[in-house]
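Written below as structure tokens is the structure these notes are about.
There are 2 protein chains.
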Amino acid sequence: MDCELCAQPGGALLWQSAVCRVVRVAEPHYPGFCRVVWQAHVREMSDLPPAARRYLMEVVVAVESVIRELFAPDKINLASFGNMVPHVHWHVIPRWIGDRHFPEPIWGQVHNEQAAARPPVDDATLAAALRRVLDKLPEPA
Amino acid sequence: MDCELCAQPGGALLWQSAVCRVVRVAEPHYPGFCRVVWQAHVREMSDLPPAARRYLMEVVVAVESVIRELFAPDKINLASFGNMVPHVHWHVIPRWIGDRHFPEPIWGQVHNEQAAARPPVDDATLAAALRRVLDKLPEPA
């Protein structure tokens, strides 16, 4: 088996627990864009035991809250596709009115070629903010 | 306030509870494509109380399971954007290798212009399958 998310973190590692990790995606138009990756190779959300997927979604929503706090986006986009890498992972993406693809998903057409890159937050600050909320979540038994 | 998902179901209504509904999206390339819509106007997942978002995700995953059973897709795609309609709703989309946009999200580029529409399942059958799993889920207090 040759799975990219089994072999590599999939971005700059910001936080991890025994069962999942949060990585930052390098995307100058979408600073704060994170991926939440389940550590084990599981294909679909419905393949995870209920307690595991509840925990995973609590992590996803906690990451969403941290991104809202640090980056003040106009909207959050959440997505789990896995068409290319069928290993459960969630995209948590801050969006701004007038950003490069707004109002489409970032996989859609570019609507604003002139959109400038947005101010990033350094990884240490982002990691510390994530730790504050994620270290409190009880892991599934 | 002029919200499309407050004013209309957003697709053919297949199931609903006091707090959320499941509608079928008319998309011949992606039969089984459903939306799970929160009934109240809430902007982000992190704006929902924890019990409410847990219930909503259990509904989303249950819909995923029904779609896997009835349509045997190669992959499931889940997404919550709300850039155009900032009212919490989830897209649950069956995907097949070689379908119109595979391996991209359906909001991306068309990769297979020749892809044929796929066999649908009638709404009554789909609604009955959804009822069997969704009627069992305890609603949030």
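The listed protein sequences derive, respectively, from chains Y and H.
Residues in the first sequence are numbered consecutively from 5, following the working numbering.
Residues in the second sequence are numbered consecutively from 5, following the working numbering.
In this text, a Cβ means the ideal position worked out from N, Cα and C, and glycines have one as well.
For clarity, every value in this text was computed on a predicted model and none was experimentally measured.
Taking 8 angstroms as the upper bound on Cβ-Cβ separation, chain Y lies near no residue of the segment 29-44 of chain H. The beta strand (DSSP E) runs lying completely inside the segment 44-113 of chain H and spanning 3 residues or more are 79-84 and 93-99, given in chain order. Take Y:Val137, set aside five residues on each side of it, and the residues of its chain with a beta-carbon closer than 8 angstroms to its own are Ala66, Ser69 and Val70, in chain order. When the beta-carbon positions are compared, Y:Val64 and Y:Trp19 stay at least 8 angstroms from each other.
Note on geometry: alpha-carbon atoms of H:His91 and Y:Pro107 lie some 14 angstroms from one another. Residue contact check for Y:Pro107 against chain H: a CB pair falls below 8 angstroms. Y:Cys10 sits in a helix when the DSSP states are folded into three classes. Look at H:Ala132 here: in three-state DSSP terms it is helix.
Taking the Cα positions, Y:Val96 is about 7 angstroms away from Y:Ile80. Bridge pairing for Y:Val40: Y:Val26 and Y:Trp94 [DSSP]. Sixteen is the threshold: since fewer than 16 other Cβ atoms of the shown chains lie within 10 Å of the Cβ of H:Pro32, the residue is exposed. Within the segment 64-95 of chain Y, contact with chain H at the beta-carbon level (separation under 7 angstroms) is assigned to Val65, Glu68, Ser69, Arg72, Lys79, Ile80, Asn81, Leu82, Ala83, Ser84, Phe85, Gly86, Asn87, Met88 and Pro90. Per the C-alpha coordinates, the member of Y:Ala44, Y:Leu141 and Y:Arg28 positioned closest to Y:Ala11 is Y:Ala44. By the beta-carbon neighbour count (other beta carbons within 10 angstroms, threshold 16), H:Val26 is buried. Burial check for Y:His115: the Cβ neighbour count within 10 Å stays below 16, so the residue is exposed.
As a beta-bridge residue in DSSP terms, Y:Leu17 pairs with Y:Val27. Burial of H:Gly86 is indicated by the presence of at least 16 other C-beta atoms within 10 angstroms of its C-beta.
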